[in-house]
Every structure is written in C-alpha cells, then in structure tokens.
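Novice: With our numbering as the guide, the letters of the sequence shown map in order to residues 1070 to 1263.
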Amino acid sequence: NATPVAVYNPYCDFDDASAGDRQSAVEMVQRLGAKGVKYNVGKEPGLRGQYLKNLATWREALPGGCRMLCECHPGTILEEPADAASFFDELGRDKTEIIVHGLRPDLDQLKAWFDAFGPAITHVHLQLSNEAGRREMLRNQPDHVRDAMQVMRAGGFERSFTLEFTQGTGEPDETIEGLWEAALSDLKFLKEFL
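In structure tokens form, the structure reads like this:
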C-alpha cells in the first residue's frame, strides 16, 4: 500500500496559461488520495481576475472534502491580510483555509491575519532568520517566539504547525544530519510554548 498523502503541494500557477498544470494537480490529488492541497495564487496584481476565476474553477474540480490551504506568501498578491480578505470575500470563504508565517518580524501583521481570518487559519509555518538572512534556531529569539505564540493563542489558533526551515538550511555545509538535529532542538524548544 502507498503511504497516504495528507496534503499535496502542486505549486501550480493560476493564470490562464497554466490550466494544464492545474488539471495535473487535480489528477495527482485524486491518484494520491490527498486530503488537502496547498497553493499560492500568484504575484501579478494585473492577473487578479484570472487568479480568482481559475481558482474558483480549480476548487470545483478537486475531490469533495479536499481541504484547500492557501499559503498567503510574501511576494504574492495575497501577502497583506487586507488584500487576502478582499480576494477571499470575492471568491467565497466557505472552502478557504489559510496558512500564515507565524514568526514574521512584524507581529502586528500576524495579529492582522488573525483579525481578518480567525479560525480559517488552520496551519502556521515557523522559521526564523537573523538580520543577515541566515536561518537560525528558535531559541536564539525566545522573546519573539513567545510573543508570536501569544498572538496566535489570542487569535484562537489551535491547529497545526510546520517547522519550515531551521538553522543550517541553505548553508554551504548543510547536511541532513545537522538539519535533523537543529529541527529536533527547535521542536523541543517549541514544545515549551505549546
């Protein structure tokens, strides 16, 4: 038996030219029996109408009950909470689940996500970078992690987390073993807040 896939990450585009990629993603979700699909909508403000239309069509093509998790990623048109809220108000929020980046530097923006989407935020990505842009351990910024967790708790967040990156990610001396040890250390530290 194949290992079940909880969430499939196709990263297909939502412009008109990418219809084939979206159809392939639907077929993979069906083949894998995925219970959810993660996506980004795109980065071109001028294509917002295409993104809306194609996302609406795509979500109707996905199997019934398939969770749709939008990673409202920096660099996309849904980077800001107000823009995402407007987009999903127009699309319809009934099938909307949101992924946010929980340790972003501006915790007021994290609070704005919870104000805009509340319980529709069902997953949080965690990662920390220092001022030089290098990934670092969660315990290196304990006050920031604590404050972010308080914002999430105050927003009613009770769902899942992913440690997206850890210290050593993307470094010239990166090893699987080193990343594993760093991730385990981050998990141990994170459990102090959960």
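The C-beta atom is built at its ideal place from N, Cα and C for all residues, glycine as well.
Source: prediction; values computed, not measured.
Residue range of the beta strand (DSSP E) that E1166 falls in?
Specialist: From DSSP, the beta strand (DSSP E) with E1166 extends over E1166 to H1170.
Novice: CA-CA distance, C1141 and H1192?
Specialist: Their backbone Cα atoms lie some 11 Å apart in a straight line.
Novice: Looking only at DSSP bridge pairs, what is H1192 linked to?
Specialist: Paired residues: I1168 and S1229.
Novice: Taking 9 Å as the cut-off, decide whether the C-beta atoms of Q1132 and W1182 are in contact.
Specialist: Residue identity differs from the one stated: residue 1132 is Pro in this sequence, not Gln. No. Outside cutoff.
Novice: Just tell me which of G1187, F1186 and P1211 has its CA closest to the CA of S1198.
Specialist: Out of G1187, F1186 and P1211, P1211 has the C-alpha closest to the C-alpha of S1198.
Novice: Is the beta carbon of D1255 less than 9 Å from the beta carbon of L1195?
Specialist: Closer than 9 Å, so yes.
Novice: At the level of alpha carbons, what is the spacing between T1172 and K1260?
Specialist: Strictly speaking, residue 1172 in this sequence is Leu, with Thr absent from that position. Roughly 15 Å between the two C-alpha positions.
Novice: Got a sec? Which residues, its chain only, sit under 7 Å from S1087 by beta carbon, not counting five neighbours each side?
Specialist: Within the same chain, S1087 has close Cβ partners C1081.
Novice: Give me the residue from G1089, W1249, L1101 and E1129 with the minimum Cα distance to M1206.
Specialist: When only C-alpha atoms are compared, the closest one is W1249.
Novice: Could you check where the alpha helix (DSSP H) with G1237 kicks off and where it finishes?
Specialist: Neither: G1237 is in no alpha helix (DSSP H) and is coded neither H nor E.
Novice: Mapping the DSSP letters down to three states, classify M1218 as helix, strand or coil.
Specialist: Helix, per DSSP.
Novice: With a CB to CB cut of under 6 Å and the five nearest residues on each side skipped, what residues in its chain are close to R1127?
Specialist: The sequence given here has Trp at residue 1127, not Arg. Once the five neighbours on either side are set aside, the close Cβ partners of W1127 are R1091.
Novice: May I have a chain-ordered list of the beta strand (DSSP E) segments no shorter than 3 residues that lie completely inside the region 1117-1144?
Specialist: Whole beta strand (DSSP E) segments, 3+ residues: 1136-1140.
Novice: Within 10 Å of its beta-carbon, does N1209 have 16 or more other beta-carbons around it, so buried, or fewer, so exposed?
Specialist: With fewer than 16 Cβ atoms within 10 Å of its Cβ, N1209 is classed as exposed.
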